[in-house]
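Notes follow once the structure below has been shown.
Residue numbers (UniProt numbering): 1 to 748.
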């Protein structure tokens with residue numbers, strides 16, 4: 001990627017389906033498009049040229065070899081639809097002109113009417129059928145244009161009086177967002193009972209485009225089609241994607257992830273995944289209810305997966321930190337001397353936040369904030385008023401885990417302090433009937449309580465760095481290994497600066513150190529810090545020497561060949577001194593603009609052995625949280641006793657899971673503002689929005705149909721990107737913090 005490219009969001013006005021499959025960057029005054037599949041950067045030609053790239057059309061650019069076949073088919077159909085519409089337009093103009101002189105020709109009128117109906121049904125376009133098909137040099141256009149200046153009703157009269165054969169659809173133009181296409185989609189989704197966030201799927205718009213390109217009367221697939229040949233074809237598409245990803249496993253290394261969940265029936269299911277920077281892949285799911293506490297069972301299971309992937313490709317195996325996995329990890333490292341076992345960092349950070357929330361003053365502040373949020377989110381008129389005073393923002397902020405949600409919401413409330421105070425001191429609030437009820441009076445007291453806000457802001461400043469660490473390690477769009485060590489450092493540094501006195505900040509340092517204890521055996525985090533050029537060159541020399549031991553540990557384990565180990569060590573000096581290409585002005589600037597692994601790939605050719613090791617380490621994730629899609633019921637597989645149906649369900653989950661994982665990375669477009677009241681947010685936000693008691697009075701006084709939709713900018717935490725790196729990139733000088741992170745090296 002060029003160093004001066006700035007990523008920008010794709011707005012909802014970009015309706016072409018090809019926008020769903022690219023990233024957009026701004027280079028000065030020009031926009032450039034990058035393919036999500038092959039990485040090709042288009043410096044001109046627009047979205048049409050990019051669509052030809054995806055469709056496999058030989059035009060003015062290369063053909064994408066990595067695009068999934070389903071996406072290629074949609075792009076081909078979209079291009080064919082453009083050609084068909086242009087051809088119809090050219091054929092229609094002479095007939096319209098002839099219609100002007102011979103309005104009695106029934107065939108012409110019928111064809112025009114049918115064309116207008118076709119556009120309405122397939123593309124969701126509700127303007128009159130003629131205006132979009134007339135050329136600018138025709139008499140029809142000049143007359144219609146003059147008519148349009150006099151308003152919609154005169155448009156209709158003008159066209160129908162001068163050209164009786166042309167029938168318009170102006171009467172069908174919907175008001176606002178209510179149109180028959182959206183109503184039909186809504187009825188379908190309500191009928192099947194699916195989560196409504198299904199419309200955010202990257203597959204949703206291509207499906208709409210494919211249906212539209214089929215024209216009116218398109219025949220939908222049957223249930224047997226979906227259970228049969230369609231599922232078989234999609235399975236092959238997913239397997240082809242996985243095969244392409246497997247090529248990257250040998251180049252960047254990979255991490256095996258064990259995601260454990262317990263169902264409502266008490267069943268323990270393990271999902272086995274493989275992570276690399278290009279994509280995360282779901283391999284299989286097993287029912288481990290009978291043996292989840294057996295280290296022998298877990299060892300044999302993970303050994304099988306490692307051998308299937310290839311032990312030489314695996315850098316680490318990530319699990320939770322429960323005792324059976326600790327013993328399993330030790331056996332895996334003995335059996336496979338070139339990989340590590342690593343407990344999930346996201347779970348570790350979440351436990352730190354849990355311990356923070358157990359401190360009395362923090363817990364008291366959280367409970368006050370929860371009571372405030374519960375009152376707001378259970379009264380429609382109060383919720384509308386709050387959104388009015390906060391410009392459409394919500395006061396709750398969901399995060400990766402429940403404990404993280406507690407602190408991200410406190411920060412959001414602190415950000416909206418003045419808005420909430422303006423609300424409870426406004427005339428609108430004084431006239432609101434809820435203001436005089438006990439809940440409303442308690443809300444006013446909390447919002448006007450200076451001590452509450454002081455606590456909120458102090459807690460937000462203390463915990464914000466840990467929230468950022470959790471955001472970084474939980475990211476599915478960039479590898480986190482190069483940032484974890486620095487993130488924990490920055491969290492401790494922030495707490496020290498905020499609280500100043502050692503007796504005060506050591507309370508929180510001890511919590512962090514105690515939870516970090518299980519991570520200390522793993523040298524990959526320190527090695528990732530050392531090999532991240534943005535961080536390395538902002539660190540004091542004595543700290544380099546202090547963490548160099550962890551780098552040597554990583555070399556000895558991840559590089560089995562002793563001759564190559566020696567070469568890697570010699571090349572470390574080239575890196576420390578920024579020798580050769582590593583010290584070029586371009587490389588120095590790129591430390592701030594490129595991902596660490598990309599930097600090594602481009603500028604590390606002068607030390608090839610260290611380059612390969614750095615890419616393998618910096619390309620790894622640190623988390624096993626957040627990979628399981630809630631909408632997929634893996635338990636159904638293990639509940640099914642018919643072997644054929646169980647096999648089909650296993651294949652269906654294989655497809656669903658991998659499509660979900662691909663969507664996490666590919667979905668770049670802006671989504672609708674998240675609604676805290678949505679059912680799919682229930683687990684994370686329930687403590688914040690669920691009233692302790694649901695009384696008939698509350699049900700009668702609250703009306704969801706009167707709610708204003710959520711809006712505004714819901715992002716309070718800085719998005720992961722350049723700002724996240726700025727959070728980590730200032731100099732690292734506190735040796736006490738590094739000593740605490742390093743601790744005493746212990747064997748697991």
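Just so you know, even glycine gets a beta-carbon here, dropped at the ideal spot from N, CA and C.
Query raised in the report: Which residues share a DSSP beta bridge with residue 275?
Result: Here residue 275 refers to the residue found at position 275 when the chain shown is read from its first residue. Beta-bridge analysis with DSSP links residue 275 to 255, 280.
Query raised in the report: What is the rounded straight-line gap between the Cα of residue 550 and the Cα of residue 340?
Result: By 1-based counting over the chain shown, the position of residue 550 is 550. By 1-based counting over the chain shown, the position of residue 340 is 340. Spanning the two alpha carbons is a distance of roughly 13 Å.
**Report entry** For residue 539, three-class secondary structure by DSSP
**Finding:** Residue mapping note: residue 539 aligns to position 539 of the chain shown, counting from 1. Correct three-state label for residue 539: strand.
Query raised in the report: So the beta strand (DSSP E) residue 434 belongs to, where does it begin and stop?
Result: Counted from its first residue, the chain shown places residue 434 at position 434. Boundaries for residue 434: no beta strand (DSSP E) harbours it, and the DSSP string shows neither H nor E there.
Requested in this report: Measure the C-alpha to C-alpha separation of residue 413 and residue 428 and round it to an integer number of angstroms.
Outcome: The residue you call residue 413 lines up with position 413 of the chain shown. The residue you call residue 428 lines up with position 428 of the chain shown. Just so you know, the alpha carbons of residue 413 and residue 428 end up roughly 20 Å apart.
**Report entry** Alpha carbon of residue 342 to alpha carbon of residue 513, nearest angstrom
**Finding:** By 1-based counting over the chain shown, the position of residue 342 is 342. By 1-based counting over the chain shown, the position of residue 513 is 513. In a straight line, the C-alpha of residue 342 is about 17 Å away from that of residue 513.
Requested in this report: Please name the residue, chosen from 505, 5, 687, 651, that lies closest to residue 235 on a Cα-to-Cα basis.
Outcome: For the purposes of this step, residue 235 is identified with residue 235 of the chain shown, where counting begins at 1. Here the closest residue by C-alpha is 651.
Query raised in the report: Which residues mark the beginning and the end of the beta strand (DSSP E) in which residue 7 is found?
Result: Stepping through the chain shown from its first residue, residue 7 is reached at position 7. Where residue 7 is concerned, the enclosing beta strand (DSSP E) stretches over 6-8.
**Report entry** Per-residue DSSP class, three states only, for residue 16
**Finding:** Counting from one through the chain shown, the residue named residue 16 turns up at place 16. The answer is coil: DSSP assigns residue 16 none of H, G, I, E or B.
Requested in this report: Buried or exposed for residue 271, please, with buried defined as at least 16 other CB atoms from any protein chain shown within 10 angstroms of its CB.
Outcome: Counting from one through the chain shown, the residue named residue 271 turns up at place 271. So residue 271 counts as buried.
Query raised in the report: beta strand (DSSP E) containing residue 441: first to last residue?
Result: The count along the chain shown starts at 1 and reaches residue 441 at position 441. Careful: residue 441 lies outside any beta strand (DSSP E), inside the alpha helix (DSSP H) at 438-447.
Report task. Say whether the region 534-550 touches the region 377-390, bearing in mind that this needs 3 or more beta-carbon pairs closer than 8 Å, one atom from each stretch. Result -> No, the region 534-550 does not touch the region 377-390.
Report task. With residue 26 as the anchor, note down where its beta strand (DSSP E) starts and where it stops. Result -> What you label residue 26 is simply residue 26 of the chain shown in a count that begins at 1. Secondary structure note for residue 26: its beta strand (DSSP E) is the uninterrupted segment 22-27.
Requested in this report: Measure from the alpha carbon of residue 566 to the alpha carbon of each residue in 578, 576, 577, 552, then state which is nearest.
Outcome: Within the chain shown, numbered from 1, the residue matching residue 566 stands at position 566. Nearest C-alpha to residue 566: 552.
Report task. Please state whether DSSP places residue 379 in a helix, a strand or coil. Result -> Taking the first residue of the chain shown as 1, we reach residue 379 at position 379. Residue state, collapsed to three classes: coil.
**Report entry** Option in 397, 580, 280, 500 with minimal Cα separation from residue 467
**Finding:** Numbered from 1 along the chain shown, position 467 holds the residue referred to as residue 467. Comparing Cα positions, the closest option is 397.
Query raised in the report: CB residue 418 to CB residue 531, shorter than 9 Å?
Result: The residue you call residue 418 lines up with position 418 of the chain shown. The residue you call residue 531 lines up with position 531 of the chain shown. No, the pair does not count as a contact, with Cβ atoms beyond the cut-off.
Query raised in the report: Taking Cβ positions, are residue 57 and residue 79 nearer each other than 9 Å?
Result: The residue you call residue 57 lines up with position 57 of the chain shown. The residue you call residue 79 lines up with position 79 of the chain shown. Yes, Cβ-Cβ distance for residue 57 and residue 79 is below 9 Å.
Query raised in the report: How would you call residue 647, buried or exposed, if buried means at least 16 neighbouring beta carbons within 10 angstroms?
Result: What you label residue 647 is simply residue 647 of the chain shown in a count that begins at 1. The residue is exposed, with fewer than 16 neighbouring Cβ atoms inside 10 Å.
Query raised in the report: Which full runs of the alpha helix (DSSP H) of 4+ residues lie inside the region 510-560, going along the chain?
Result: Taken in chain order, the whole alpha helix (DSSP H) runs of length 4 or more contained in the region 510-560 are 524-531, 533-536, 541-558.
Query - Among 385, 390, 364, 471, the one whose alpha carbon lies nearest that of residue 404 - result: For this step, residue 404 is matched to residue 404 along the chain shown. Answer by Cα proximity: 471.
Requested in this report: Figure out for me which residue from 259, 588, 511, 395 has the closest Cα to the Cα of residue 354.
Outcome: Mapped onto the chain shown, residue 354 falls at position 354. Of the candidates 259, 588, 511, 395, the one whose C-alpha sits nearest the C-alpha of residue 354 is 511.
**Report entry** Per-residue burial, residue 180 [other beta carbons within 10 Å of its own, 16 or more giving buried]
**Finding:** Here residue 180 refers to the residue found at position 180 of the chain shown. If you draw a 10 Å sphere on the C-beta of residue 180, you find fewer than 16 other C-beta atoms in it, and that means exposed.
**Report entry** Touch test, the region 277-295 against the region 491-504, Cβ-Cβ under 8 Å, three pairs minimum
**Finding:** By the criterion of at least three beta-carbon pairs nearer than 8 Å, the region 277-295 is not in contact with the region 491-504.
Requested in this report: Please classify residue 592: does DSSP put it in a helix, a strand, or coil?
Outcome: In the chain shown, counting from the first residue as 1, residue 592 sits at position 592. Residue state, collapsed to three classes: coil.
Query raised in the report: When the distance is taken between beta carbons, is residue 332 closer than 9 Å to residue 302?
Result: For the purposes of this step, residue 302 is taken as the residue at position 302 of the chain shown. For the purposes of this step, residue 332 is taken as the residue at position 332 of the chain shown. For residue 302 and residue 332, yes; Cβs fall inside 9 Å.
Query raised in the report: For residue 458, which three-state DSSP category applies?
Result: Indexing the chain shown from 1 puts residue 458 at position 458. Reduced to three states, the DSSP call for residue 458 is helix.
Query raised in the report: How do the region 359-371 and the region 451-460 stand: do at least 3 beta-carbon pairs fall below 8 Å, yes or no?
Result: Short answer: they touch.
Query raised in the report: For residue 273 versus residue 281, is the C-beta spacing smaller than 9 Å?
Result: Stepping through the chain shown from its first residue, residue 273 is reached at position 273. Stepping through the chain shown from its first residue, residue 281 is reached at position 281. A contact, by the Cβ cut-off of 9 Å.
Report task. Evaluate contact between the region 245-262 and the region 316-325, counting only Cβ atoms and requiring at least three cross-stretch pairs below 8 Å. Result -> The region 245-262 vs the region 316-325: in contact.
Report task. Use the C-beta contact count for residue 616: other C-beta atoms within 10 angstroms, 16 or more gives buried, fewer gives exposed. Result -> Here the question's residue 616 lines up with position 616 in the chain shown. It is buried - the Cβ of residue 616 has at least 16 other Cβ atoms within 10 Å.
Query - Beta carbon of residue 815 nearer than 9 Å to that of residue 596 - result: Since the first residue shown for the chain is 1 and the last is 748, residue 815 is missing from the structure and cannot be characterised.
Report task. Could you name the residues of the same chain whose beta carbon sits closer than 7 Å to that of residue 757, not counting the 5 residues immediately before and after it, in chain order? Result -> Past the boundaries of the shown model lies residue 757; the chain is included only from 1 to 748, so the question cannot be answered.
Query raised in the report: Would you report the Cα separation of residue 360 and residue 481, rounded to the nearest angstrom?
Result: Here residue 360 refers to the residue found at position 360 when the chain shown is read from its first residue. Here residue 481 refers to the residue found at position 481 when the chain shown is read from its first residue. The straight-line gap from Cα to Cα measures roughly 34 Å.
**Report entry** Proximity below 9 Å, CB of residue 420 to CB of residue 375
**Finding:** Here residue 420 corresponds to residue number 420 of the chain shown, with the count starting at 1. Here residue 375 corresponds to residue number 375 of the chain shown, with the count starting at 1. By the CB criterion at 9 Å, residue 420 and residue 375 fall outside the cutoff.
Requested in this report: Go through its chain and collect everything with a Cβ distance to residue 541's Cβ below 6 Å, but skip five positions before and after it.
Outcome: Against the chain shown, residue 541 aligns to sequence position 541. Exclusion of the five residues before and after residue 541 leaves no residue of its chain whose Cβ lies closer than 6 Å to its Cβ.
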